[in-house]
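Undergrad: Read in the numbering used here, the sequence shown has 144 at position 144, and its numbers run on one by one without any break.
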Amino acid sequence: MRLKTKIGQIFLTHPKDQNYTSIYTESFTKHGQNVELFVAIEIAHRQEAIVRARRAEYDKLAQTLVTTFKKTYVGAVDLDQDFFEKSLASINLAISRLAQRGKIGWYGRLNVAMAAVVDNQMFLSATGNALAYLIRNGDFTLLSEGLSDQQTKTTKIFSNYSSGRLTAGDRVILTTNQLFNFLSLERMDEFLKDEPLKSACSDIIAALDEIKDTGFSTFIFEVAGENEPAQRTESVLNSAIFKEREPSDAAAAASGSAKAAQIAWHYLKTFLKYAGAGLSALAAYLIDAFRKRSKKPLLAIIGIIVLLLLANLGYSYYKKKAHPAAQTPAGTLDQVESDLTAAEAKLIYKDQNTAATLVSDAEGILAGIAVRKQDQARRDAINKRISDIKGKINNEVTVNNPNVLTQFPNIPTDIIRSPNGVLAFNKNSGSVAFYDFRVGTTKPLLKNQNTGSLLVSAYAGNPNGFVFLDRNGKIQSLDLTAETLKAVTADPIIANFDQARVKDMKILGAGANARAYILETGAGQIWRSKATATGFATAEKWLKADESSLTQSASMAVDGSIYILFSDRADKYFSGQKQAAFSLAKTIPPLSGAQKIYTTDTLQNIYVQDPENSRIIIFDKQGKVVKIVKSNKFRDLADIYVDEKNSIIYAASGNELLQVNY
């Protein structure tokens with residue numbers, strides 16, 4: 001049964017209060033569930049002057065806490081059992097960010113009780129000496145015990161929470177401790193026992209009315225059955241019980257607004273009265289003039305007046321177009337900051353995709369705001385914050401001067417590693433060079449031979465070493481010593497294939513256990529050829545069905561599964577079928593021009609080349625970002641291989657072979 005809530009508030013303030021108090025409640029529906037939020041705030045001091053001097057700072061803190069609390073629930077995708085904990089994480093981050101600006105006069109003095117009631121389930125947290133009691137069948141139970149750490153940190157104001165189901169007849173007290181400094185539990189029991197909620201709150205307010213130096217911030221709400229009337233509050237000023245001994249800032253503002261409206265209405269009525277009389281007199285004069293005088297002069301006068309009016313309207317329109325009213329970006333900057341706070345909260349739960357989306361949205365909003373001198377400091381702080389969050393999402397490292405191991409005589413499109421060195425192959429020209437680790441020398445190979453028929457290359461281990469697929473569909477191996485090519489297969493391993501659409505070849509295993517995988521985008525297929533005693537067997541289709549999407553693919557990596565890279569994503573295949581659950585996490589900026597992907601069965605991670613953004617993105621094999629390595633040398637990135645054990649990336653950039661320690 002869905003229960004209803006009756007809400008009472010005890011919010012008492014006075015200009016001479018030695019503590020700061022604030023209160024907030026709101027009710028709304030989300031995903032078909034009733035949501036009620038409650039926050040009671042106190043910042044305890046013993047000097048009225050300090051509270052008065054720091055009111056703006058404390059108002060900002062209260063606003064940050066309440067706004068973040070509300071925003072997380074209003075924007076919730078799913079109100080699951082863990083959502084309150086997530087909202088606390090968002091609040092902690094928002095308060096931590098506020099503290100970094102340097103104003104922390106509230107630290108060590110903050111007392112807050114907050115709760116969310118979702119249908120019949122209540123979630124509760126507290127910090128400082130704020131209290132929460134459940135009254136059930138006349139018994140008081142302290143719910144807030146153990147929720148607040150004795151020594152809080154600015155980065156984790158709310159550290160614990162509890163939850164439980166409410167039943168009809170339950171009453172809950174959320175309050176700062178000041179209430180029980182003046183009223184004992186026994187006295188509260190007397191007020192609440194057998195009394196309607198409204199009467200009980202009125203009696204409590206009357207008992208506290210003479211206290212002029214302490215503010216009180218308390219909710220008392222009661223759970224009613226389905227058929228009982230419920231009182232809901234949409235904001236603090238519409239609460240069931242609200243009394244102040246002196247007008248608070250909010251009430252004073254409301255009163256001032258009402259008075260201003262009354263004055264404006266008075267002058268408007270006076271103006272309309274005299275304007276109406278004037279128009280009546282003018283109309284009478286014109287009627288009389290038309291009756292008694294020549295009409296031509298009067299028509300001329302009226303024409304002049306009309307022309308003047310039209311000219312005035314035209315001038316006003318021109319001024320509006322030429323000098324549009326300045327648009328204040330404050331609200332939009334608030335939205336940017338709010339999105340960044342939400343992004344930081346998502347990072348706590350390692351939700352990189354949502355965090356990246358929020359940051360991108362924030363950047364888009366910020367780019368659309370006109371720059372104003374008075375907002376520049378705030379914009380600078382926002383830009384720094386965006387940069388910091390990007391760094392956390394991307395976990396970026398920058399390598400300014402990677403070591404240049406050698407310069408190839410050609411400009412490779414592919415580099416293939418063997419135990420003794422690196423083969424540099426340009427599949428557009430067919431040129432081949434080899435860098436020998438053992439002696440540190442580089443030389444061109446196959447200089448006087450026809451290499452234009454070579455399509456793709458890989459390393460197959462002994463006895464075949466470096467192998468190539470040629471335009472006839474045959475496998476050829478490279479003899480490094482003799483600098484010659486030798487046919488490994490007498491017959492084509494692939495017949496009737498689209499030579500121009502062969503994108504990549506990778507070999508899994510070595511020697512007799514080697515299996516060659518060939519990506520042919522024209523057919524939308526991956527071919528697999530197993531090693532034999534004499535070479536490689538006829539290739540067979542590895543994918544269960546042809547994939548038309550492969551026509552847009554750029555590269556392939558194999559570790560038992562196969563990863564197909566596109567410009568903006570990678571797809572994973574296992575046992576010939578696409579794994580729909582796999583995706584690469586979002587980065588900032590997002591992938592848009594990825595060119596190569598690299599991994600093997602001995603590596604823990606996947607490496608994606610993004611030369612457009614001068615970076616190599618390292619993902620784990622679940623698709624989460626591990627690290628991003630950036631270098632100005634990566635603008636001409638062509639291919640890589642990785643020594644993961646020693647954290648070294650070997651990269652071909654232009655004609656250089658780089659050693660990048662990350």
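We treat Cβ as the ideally placed atom computed from N, Cα and C, and that holds for glycine.
Per the contact definition of three or more C-beta pairs closer than 8 Å, is the region 571 to 579 in contact with the region 589 to 598?
TA: Counting Cβ pairs under 8 Å, fewer than three are found: no touch.
Undergrad: Rounded to the nearest angstrom, what separates I7 and M188 at their Cα positions?
TA: Near 17 Å, if we compare the C-alpha coordinates of M188 and I7.
Undergrad: Can you list, in chain order, the residues of its chain with a C-beta nearer than 6 Å to that of N353? Leave out the 5 residues immediately preceding and following it.
TA: These residues qualify, in order along the chain: A585, K586.
Undergrad: Looking at the structure shown, is Y58 part of a helix, part of a strand, or coil, going by DSSP?
TA: Helix, per DSSP.
Undergrad: Can you tell me the Cβ-Cβ gap for S614 and F634, rounded? I've got them flagged as a contact below 8 Å.
TA: With a Cβ gap of about 4 Å, S614 and F634 count as contacting.
Undergrad: One question on the structure: do F664 and T442 come within less than 8 Å of each other, judged by their Cβ atoms?
TA: This structure leaves residue 664 out entirely; the chain is present only between 1 and 662.
Undergrad: Please state the DSSP three-state secondary structure of D380.
TA: Here D380 sits in helix by DSSP.
Undergrad: Between which two residues does the beta strand (DSSP E) harbouring F28 extend?
TA: Element bounds for F28: 19 to 30.
Undergrad: Which residues bound the beta strand (DSSP E) around R46?
TA: Per DSSP, R46 belongs to no beta strand (DSSP E) and is neither H nor E.
Undergrad: Could you check if N111 is buried or exposed, using at least 16 other CB atoms within 10 Å of its CB as the buried criterion?
TA: Buried is the call here.
Undergrad: Can you tell me whether E36 is buried or exposed, with buried defined as 16 or more other CB within 10 angstroms of its CB?
TA: Burial call: buried.
Undergrad: Based on Cα-Cα distance, which residue from Q33, N92, H45 lies nearest to D78?
TA: Of Q33, N92, H45, the residue nearest in Cα terms is Q33.
Undergrad: Would you call T672 buried or exposed, if buried means 16 or more other Cβ atoms sit within 10 Å of its Cβ?
TA: Here the chain covers residues 1 to 662 and nothing more, so residue 672 does not appear.
Undergrad: State the DSSP-derived secondary structure class of Q525, mapped to helix, strand or coil.
TA: Q525 falls in the strand class under three-state DSSP.
Undergrad: For G430, which residues in the same chain have their Cβ closer than 7 Å to its Cβ, ignoring the five residues on either side in sequence?
TA: Here the set comprises T451, G452, L454.
Undergrad: A126 and A113: beta carbons closer than 8 Å?
TA: Taking 8 Å as the Cβ cut-off, A126 and A113 qualify as a contacting pair.
Undergrad: Which whole-angstrom value describes the C-beta separation of G473 and I494, a residue pair presumed to lie in contact below a C-beta threshold of 8 Å?
TA: So it is a contact: roughly 4 Å between Cβ atoms.
Undergrad: Please work out which residues of its chain come closer than 6 Å, Cβ to Cβ, to Y563, disregarding the five sequence neighbours upstream and downstream, and give them in chain order.
TA: These residues qualify, in order along the chain: A557, A570, K572, I597.
Undergrad: Applying the 10 Å Cβ sphere with the 16-neighbour rule, what's the burial state of A580?
TA: Classification for A580: exposed.
Undergrad: Could you tell me the boundaries of the alpha helix (DSSP H) in which R97 lies?
TA: Start and end: 83 to 99.
Undergrad: With I204 and F191 assumed to form a contact (beta carbons below 8 Å), what rounded beta-carbon distance in angstroms separates them?
TA: That pair is a contact at about 5 Å.
Undergrad: What's the call for E363, buried or exposed, on a 16-neighbour Cβ count within 10 Å?
TA: That one is buried.
Undergrad: At 3 residues or longer, what runs of the beta strand (DSSP E) sit wholly inside the region 342 to 393?
TA: Counting whole runs of 3 or more residues, the region 342 to 393 contains no beta strand (DSSP E) stretch at all.
Undergrad: Using 10 angstroms around the beta-carbon of Q100, count the other beta-carbons present and answer buried if the total reaches 16, otherwise exposed.
TA: Exposed: under 16 other Cβ atoms inside 10 Å.
Undergrad: In its own chain, which residues sit with a C-beta less than 7 Å from the C-beta of T332, not counting the 5 before and 5 after it?
TA: Once the five neighbours on either side are set aside, the close Cβ partners of T332 are I365, I369.
Undergrad: Going by the beta-carbon positions, is the gap between Y662 and V629 smaller than 8 Å?
TA: Cβ distance < 8 Å, so Y662 and V629 count as in contact.
Undergrad: I think V404 touches L637, with their Cβ atoms under 8 Å apart; what is that distance to the nearest whole Å?
TA: Not quite, the Cβ-Cβ distance comes to about 14 Å (not below 8 Å), so this is no contact.
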